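Read in order, the letters of the sequence shown correspond to residues 1 to 242 in the working numbering.
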Amino acid sequence: MSGGQLVFEDAASTAEACSQHILEILKRTLAQNECATLALSGGSTPKMLFNRMAAANFSWDGVHLFWVDERCVAPNDARSNYRLALETLVTPAKILQHQVHRVPAELEPAAAAVRYSDEIRGFFRLQPGELPRFDVIQRGMGPDAHTASLFPSEPLIDDRQKIAAAVYVEKLSEWRVTLAPGALLAARNTVVLVTGEDKAAAVHSVFTEPFDPKRYPAQLGLQGEQPMTWFLDQAAVKLLAG
């Protein structure tokens, strides 16, 4: 793993730095390829990130958007990660609809996961058994150290074959569709955006406890070979020594 931890004063400056980092990777990718791929997460911190990305002096031509995970709700539901990105990034940045590859989360969960996997497989022109290599995957982390919709003790964490899967989150009593670990780990670049004091204990555990993604799913990628950069604010790292 390369990239490491970058710490900023507050959530706003962290989101700004993360935005600049992602857009720079996309620019480099587009300079060499016809298109670039970015998988987005949801939540309050990504909202700040999306606002800054939308306001940046950046041409989104050729950038195709996917989602790291999604709640199994309609696309216009207030809880939808797609809706969040639509309102804060896609519409303001005038990203064209054919560049947007959302999870069809209004379907039955298993069917949604299959449809989304097929969408990704078709876009990347994958052969059977191949996994997509997103240019950038933007992940987050919850206070319990979950990432994507991979929560502690989730059996899917051991899977390296699937592209996406439906998971039932017991603690939230809801179904979600998430990129599977194999797809997450295959990313060319991973960016993890974490802010807030409520994440401090999880940040401490992820970086100081033995590698055990079943217990701390956000550790996925820490022992990988692809660039993985953590963008954190002071509140999130308050329990880390030094």
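For every residue, glycine included, the Cβ atom is placed at its ideal position computed from N, Cα and C.
Nothing here was measured: the structure is a model prediction, and the numbers come from that model.
How about residue i and residue j: do their beta carbons lie closer than 8 Å?
| i | j | result |
| --- | --- | --- |
| L65 | Q99 | yes |
| D198 | E9 | no |
| A145 | Y216 | yes |
| V203 | L150 | no |
| R121 | I163 | yes |
| L193 | G142 | no |
| A113 | A165 | yes |
| M53 | L23 | yes |
Using the C-alpha atoms, what's the distance from residue j back to residue i?
| i | j | result |
| --- | --- | --- |
| M228 | S173 | 31 Å |
| D158 | L131 | 15 Å |
| L40 | A218 | 16 Å |
| V73 | A111 | 13 Å |
| A11 | L30 | 28 Å |
| V68 | S59 | 22 Å |
| D61 | A55 | 15 Å |
| R28 | T45 | 25 Å |
| N76 | A148 | 20 Å |
| N51 | S80 | 17 Å |
| Q5 | F231 | 6 Å |
| Q20 | E108 | 37 Å |
| L84 | V206 | 27 Å |
| Q32 | S13 | 29 Å |
| E70 | G43 | 11 Å |
Going along the chain, which residues of its own chain have a beta-carbon closer than 8 Å to the beta-carbon of residue i, five neighbours each way excluded?
| i | result |
| --- | --- |
| L26 | A36, L38, F58, V63, D135, V136 |
| M1 | For M1, the pLDDT reaches just 40, beneath the cut-off of 50, and the residue's location in the model is therefore unreliable, although a value from the coordinates is still provided. Correct list, in chain order: G221, L222, Q223, G224, E225, Q226, P227, M228. |
| S153 | K214, R215 |
By alpha-carbon positions, which one of the options ends up nearest to residue i?
| i | options | result |
| --- | --- | --- |
| E34 | C18, H21, F124 | F124 |
| G129 | Q161, I120, E170, V167 | Q161 |
| S117 | G182, T147, N76, A85 | G182 |
| M48 | E70, G42, I163, A15 | A15 |
| E170 | L179, A180, P155 | P155 |
| A235 | S205, T208, E209, T195 | T195 |
| E106 | A85, W175, G43 | W175 |
State yes or no: is the C-beta of residue i nearer than 7 Å to some heavy atom of the ligand GDP?
| i | result |
| --- | --- |
| N76 | With respect to the ligand GDP, the structure offers nothing, as it holds no ligand at all. |
Skipping 5 residues on each side, what residues in its chain have a beta carbon closer than 7 Å to that of residue i?
| i | result |
| --- | --- |
| E209 | Y216 |
| A17 | L6, F8, F231 |
| V167 | S149, E154, L156, R176, T178 |
| P104 | A112, R115, Y116 |
Touch test, the stretch 184-200 against the stretch 91-98, Cβ-Cβ under 8 Å, three pairs minimum:
no
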